[in-house]
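Participant: Sending over a structure as structure tokens; questions will come in a sec.
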Amino acid sequence: MNDLENRIGFRARESKTCLLCGKTFQFLSETLGICLSCIRHSSHEVNSYIEAAHKKSRQDFDLPSAPPQSEIGVECHICTNRCRMASGEKGFCGLRMNREGRLVHLVGDKAVVDWYYDALPTNCVADWVCPGGSSAGYPAYSYQEGPEYGYKNLAVFFGACSFDCLFCQNWHFRQMAEKATSLLRSADELAEAVDGKTACICYFGGDPTPQMSFALRASRKAMEKKKGKILRICWETNGSMRRSLLHKAIELSLSSGGCLKFDLKAWNETLHRALTGVSNRQTWENFSHAAGFIKERPDPPLLVASTLLVPGYVDYNLTLFPHSIELYCFLTKIGLYEGWYS
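In the UniProt record's numbering, the protein residues as written are 1 to 342.
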């Protein structure tokens with residue numbers, strides 16, 4: 001087994017039995033222990049299994065097993081979790097703490113982050129419609145009428161997240177969050193990494209949400225450095241940030257030719273909690289809100305949606321078809337079905 005299989009207890013070729021209904025499935029996570037049907041239709045009974053799975057996934061990283069909700073504590077308003085921490089308690093992302101009644105950002109004005117250059121065109125979720133990989137946005141937002149060969153993306157990887165996705169392909173971000181104080185970089189350092197061949201910055205992780213203020217500040221510095229030249233600002237995110245932060249991200253992407261790439265894990269809220277440990281309500285509300293800005297800049301597309309396929313839980317199998325139908329109906333309603341990538 002690889003590292004991810006070890007972490008989530010998922011072995012594709014071994015049939016497993018659902019701990020709740022007793023049925024056997026080819027694709028079933030040992031960590032969750034329960035099947036999709038039970039998750040969708042036995043919402044109250046599955047809670048203990050969901051809680052246990054996420055406790056197990058985070059126990060090795062000194063991270064809370066669930067967003068803290070202390071009766072008496074300090075509340076953080078950065079994301080959907082709205083962690084309310086008792087004195088000495090950390091928030092779900094691991095970067096905020098209640099210290100003697102004060103909400104403290106453990107890394108100050110820096111971020112737990114790393115970055116690298118990625119030659120364009122790259123494996124971006126939006127590659128097929130973005131200026132870096134297609135003819136979209138030329139000449140206002142792209143250096144070439146087609147893929148930007150010879151240019152590069154600055155890929156910015158954040159070491160924290162507001163979700164706890166059991167099937168995260170970048171799960172090692174948790175190790176960065178655990179070692180936060182030794183992996184700090186400044187906004188000035190990030191801006192300095194932008195050179196003459198950098199056509200775009202893409203924030204991902206982890207997720208930019210817990211460190212949005214840093215990303216916004218670094219973006220403005222980088223755009224000032226390349227004033228009068230092309231530098232697109234893009235986001236790959238679970239979309240759980242508070243609305244005011246989303247607005248600032250939209251403004252930067254709209255003005256620079258960048259895009260927001262929402263990772264829509266699941267429509268059903270219980271399934272979403274099973275897969276990520278938290279609710280998807282704010283993600284869908286933010287996604288709907290962002291869709292309202294599409295007409296302000298049709299080319300290149302501002303908003304792109306992607307869905308990670310998880311065998312047995314989210315895929316194209318006919319038994320899972322309701323998931324796709326729900327997503328299709330929602331995306332069609334807001335006029336974005338053509339921008340859904342899975």
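Cβ atoms here follow ideal geometry from the backbone N, Cα and C, with glycine treated the same way.
Of the residues Val129, Val310, Gly228 and Pro300, which one's Cα is nearest the Cα of Cys165?
Facilitator: Counted from its first residue, the sequence shown places residue 165 at position 165. Answer by Cα proximity: Val310.
Participant: CA-CA distance, Gly33 and Asn47?
Facilitator: Residue 33 sits at position 33 when you count from the first residue of the sequence shown. Residue 47 sits at position 47 when you count from the first residue of the sequence shown. Looking at the two C-alpha atoms, the distance is approximately 12 Å.
Participant: Give the secondary structure of Tyr203 by DSSP, where H, G and I count as helix, E and B as strand, and everything else as coil.
Facilitator: Within the sequence shown, the letter at position 203 stands for residue 203. Looking at Tyr203 - three-state DSSP - the assignment turns out to be strand.
Participant: Using a Cβ-Cβ cutoff of less than 7 Å, which residues in the same chain neighbour His77 once the five nearest sequence positions on both sides are dropped?
Facilitator: Along the sequence shown, read from residue 1 onward, the residue named residue 77 stands at position 77. Excluding sequence neighbours, His77 sits near Arg242.
Participant: Give the secondary structure of Tyr313 by DSSP, where H, G and I count as helix, E and B as strand, and everything else as coil.
Facilitator: Looking up residue 313 in the sequence shown gives position 313. DSSP places Tyr313 in coil when its eight states are reduced to three.
Participant: Is the beta carbon of Phe163 less than 8 Å from the beta carbon of Thr276?
Facilitator: Your numbering for residue 163 matches position 163 in the sequence shown. Your numbering for residue 276 matches position 276 in the sequence shown. A contact, by the Cβ cut-off of 8 Å.
Participant: Quick check on the burial criterion: 16 or more other C-beta atoms within 10 angstroms. Buried or exposed for Asn268?
Facilitator: Within the sequence shown, residue 268 is the residue found at index 268, counting from 1. With 16 or more Cβ atoms within 10 Å of its Cβ, Asn268 is classed as buried.
Participant: Considering only residues of the same chain and omitting the five flanking positions on each side of Arg82, which have a CB-CB separation below 8 Å?
Facilitator: Counting from 1 along the sequence shown, the entry for residue 82 is found at position 82. Only Pro67, Glu75 and Cys76 meet the Cβ criterion.
Participant: Hey, could you find the ends of the beta strand (DSSP E) Tyr49 is sitting in?
Facilitator: Stepping through the sequence shown from its first residue, residue 49 is reached at position 49. Tyr49 -> not in any beta strand (DSSP E); alpha helix (DSSP H) instead, spanning Asn47 to Arg58.
Participant: Whole angstroms is fine: what's the gap from Cys259's alpha carbon to Gly22's?
Facilitator: Counted from its first residue, the sequence shown places residue 259 at position 259. Counted from its first residue, the sequence shown places residue 22 at position 22. One C-alpha to the other measures close to 44 Å.
Participant: Under three-state DSSP, which class holds Cys234?
Facilitator: Numbered from its first residue, the sequence shown carries residue 234 at position 234. Cys234: strand per DSSP, three-state reduction.
Participant: Quick one: what's got a C-beta closer than 8 Å to Leu252's C-beta in the same chain, skipping five residues either side?
Facilitator: If you number the sequence shown from 1, residue 252 lands on position 252. The answer, listed in chain order, is Leu216, Ser219, Arg220, Met223, Ile233 and Gly258.
Participant: State the DSSP-derived secondary structure class of Thr209, mapped to helix, strand or coil.
Facilitator: If you number the sequence shown from 1, residue 209 lands on position 209. The answer is helix: DSSP assigns Thr209 an H, G or I state.
Participant: Mind checking whether Leu231 and Cys200 have CB atoms under 8 Å apart?
Facilitator: Translated into the one-based positions of the sequence shown, residue 231 becomes position 231. Translated into the one-based positions of the sequence shown, residue 200 becomes position 200. Going by C-beta atoms, Leu231 is nearer than 8 Å to Cys200.
Participant: Consider the C-beta atom of Ser255 and the heavy atoms of the ligand NAP; say whether any pair is separated by less than 7 Å.
Facilitator: For the ligand NAP, the structure offers nothing, since it holds no ligand at all.
Participant: By the 10 Å Cβ neighbour count, where 16 or more other Cβ atoms means buried, how is Ser342 classified, buried or exposed?
Facilitator: On the sequence shown, residue 342 is found 342 positions in, with the first residue counted as 1. With a pLDDT of only 47 at Ser342, under 50, the local geometry of the prediction cannot be trusted, and the value read off the model is given with reservation. It counts as exposed.
Participant: Considering only the alpha carbon of each residue, which of Ser142, Ala111 and Val129 lies closest to Gly159?
Facilitator: Translated into positions along the sequence shown, residue 159 becomes position 159. Closest option to Gly159, Cα to Cα, is Ala111.
Participant: Using a Cβ cut-off of 8 Å (strictly closer), state whether Val74 contacts chain C.
Facilitator: No chain C is present in this structure, which holds just one protein chain.
Participant: Do Val125 and Val304 have their C-beta atoms within less than 8 Å of each other?
Facilitator: Numbered from its first residue, the sequence shown carries residue 125 at position 125. Numbered from its first residue, the sequence shown carries residue 304 at position 304. The answer is yes: Cβ separation under 8 Å.
Participant: Please report how far the alpha carbon of Leu254 lies from the alpha carbon of His289, in whole angstroms.
Facilitator: Within the sequence shown, numbered from 1, the residue matching residue 254 stands at position 254. Within the sequence shown, numbered from 1, the residue matching residue 289 stands at position 289. Going by the C-alpha atoms only, they are around 14 Å apart.
Participant: Would you list the one or two residues that DSSP bridges to Tyr116?
Facilitator: Taking the sequence shown and counting its residues from 1, one reaches residue 116 at position 116. Ala155.
Participant: Buried or exposed for Glu236, going by 16 or more other Cβ atoms inside 10 Å?
Facilitator: Translated into the one-based positions of the sequence shown, residue 236 becomes position 236. Under this definition Glu236 is a buried residue.
Participant: Bridge partners for Cys79 per DSSP, in chain order?
Facilitator: By 1-based counting over the sequence shown, the position of residue 79 is 79. Beta-bridge pairing links Cys79 to Met241.
Participant: Under the rule that 16 or more other beta-carbon atoms within 10 Å means buried, what is Lys295, buried or exposed?
Facilitator: Taking the sequence shown and counting its residues from 1, one reaches residue 295 at position 295. Exposed, by the Cβ-count rule.
Participant: Would you identify the three-state DSSP class for Gln282, choosing helix, strand or coil?
Facilitator: In the sequence shown, the residue the question calls residue 282 occupies position 282. In the structure shown, Gln282 sits in a helix (DSSP, three-state: H, G or I).
Participant: If I measure Cβ to Cβ from Ala249 and keep anything under 6 Å in the same chain, skipping five residues before and after, which residues do I get?
Facilitator: Residue mapping note: residue 249 aligns to position 249 of the sequence shown, counting from 1. For Ala249, where only same-chain residues beyond five positions count, the Cβ hits under 6 Å are Trp235.
Participant: So, helix, strand or coil for Lys261, using DSSP?
Facilitator: Numbered from its first residue, the sequence shown carries residue 261 at position 261. Strand.
Participant: Less than 8 Å between the CB atoms is what I'm expecting for Leu120 and Glu148, so what's the real figure, rounded?
Facilitator: Walking along the sequence shown from the start, residue 120 turns up at place 120. Walking along the sequence shown from the start, residue 148 turns up at place 148. About 4 Å separates the two Cβ atoms, so the contact holds.
Participant: Measuring straight from C-alpha to C-alpha, what distance separates Arg102 and Pro139?
Facilitator: One-based indexing of the sequence shown puts residue 102 at position 102. One-based indexing of the sequence shown puts residue 139 at position 139. Spanning the two alpha carbons is a distance of roughly 49 Å.
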